[in-house]
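With mature numbering (1 follows the signal peptide of the UniProt record, and there is no 0) applied, the sequence shown covers -22 to -1, 1 to 160.
One structure is given here, and the rest of the page talks about it.
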Amino acid sequence: MKKLLFSFSFLLLGLISVKSQTFGVSTGYNNYIASVSIDGLPGNGSDGASGYYIGVFSDIDLGSKFHLEPELQFVQIFNNGETGELLALPVMFKYYLVNKFNVQAGPVLDLALNNESEEISSFGIGLGFGAAFDINENFSLTTMYSLGLSNRSPDLNLSDFGQPLNVNTKFDFFQIGIGYKF
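Shown next, in the form of structure tokens:
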């Protein structure tokens, strides 16, 4: 899966360079949330980690109000003295409600770069929702929430009195940041 994400990222960036109208960079705050639920047991647990992201993006004009914005982000998170790093690839479809304000939605792929756990998958798929406000021609304020769709622990089973219990682990994240278009 790592090779697939890297290949897809470089292919996408190559296509962007041919068709793009605008390039940019982004940075901001990232809050990463891991949630775990176990079949047959009430409730679930969650844990969060905060950090930052930096990225490069392209804004492709698809019409008067529609844009496509693929982005490649490096995310670093910190939790209890430990550091995690991942690559995120949101591909957001943007719709401008008014001149400077847009709403966004699209798939988000992510790859944990320093995952040492054999039980947790490094690759995940999510669905992102967001909004952005263009301060001026170059700067924009952005926010996005990515809802994890893929189970990151599909092969992890626990036993409770001889009965197997399936574990479902999903990773969500919330971002708020600023973008600069060249």
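Ideal Cβ positions, reconstructed from N, Cα and C, are used throughout, including at glycine.
Here's a check: name, in chain order, each residue in its chain whose Cβ is nearer than 6 Å to the Cβ of residue i, leaving out the five neighbours to either side.
| i | result |
| --- | --- |
| Lys148 | Ser13, Gly126 |
| Lys72 | His45, Glu47, Asn80, Gln82 |
| Gln49 | One point to set straight first is that residue 49 is Glu, not Gln, in the sequence displayed. The residues are Gly33, Phe35, Pro68. |
Mind checking residue i: buried by the 16 CB within 10 Å criterion, or exposed?
| i | result |
| --- | --- |
| Ser42 | exposed |
| Asp150 | buried |
| Phe111 | exposed |
| Ser95 | exposed |
| Val145 | buried |
| Thr134 | The residue asked about is misnamed: residue 134 is Leu in this sequence, not Thr. Buried: at least 16 other Cβ atoms inside 10 Å. |
Look up residue i in the DSSP assignment and say whether it is helix, strand or coil.
| i | result |
| --- | --- |
| Phe160 | coil |
| Ile16 | strand |
| Asn57 | strand |
Tell whether a beta-carbon distance below 9 Å holds between residue i and residue j.
| i | j | result |
| --- | --- | --- |
| Ile38 | Glu47 | yes |
| Gly62 | Gln82 | no |
| Gly102 | Leu89 | yes |
| Ile11 | Phe152 | yes |
| Val86 | Gly59 | no |
| Pro132 | Ser100 | no |
| Ser15 | Phe35 | no |
| Leu65 | Gln51 | yes |
| Asn9 | Gly23 | no |
Could you give the C-beta distance for residue i and residue j, rounded to a whole number, given that I count them as a contact under 8 Å?
| i | j | result |
| --- | --- | --- |
| Gly6 | Tyr31 | 6 Å |
I'd like the list of long-range same chain contacts for residue i, defined as Cβ closer than 7 Å, with 5 residues on each side in sequence excluded.
| i | result |
| --- | --- |
| Tyr158 | Gly2, Val3, Asn116, Phe117 |
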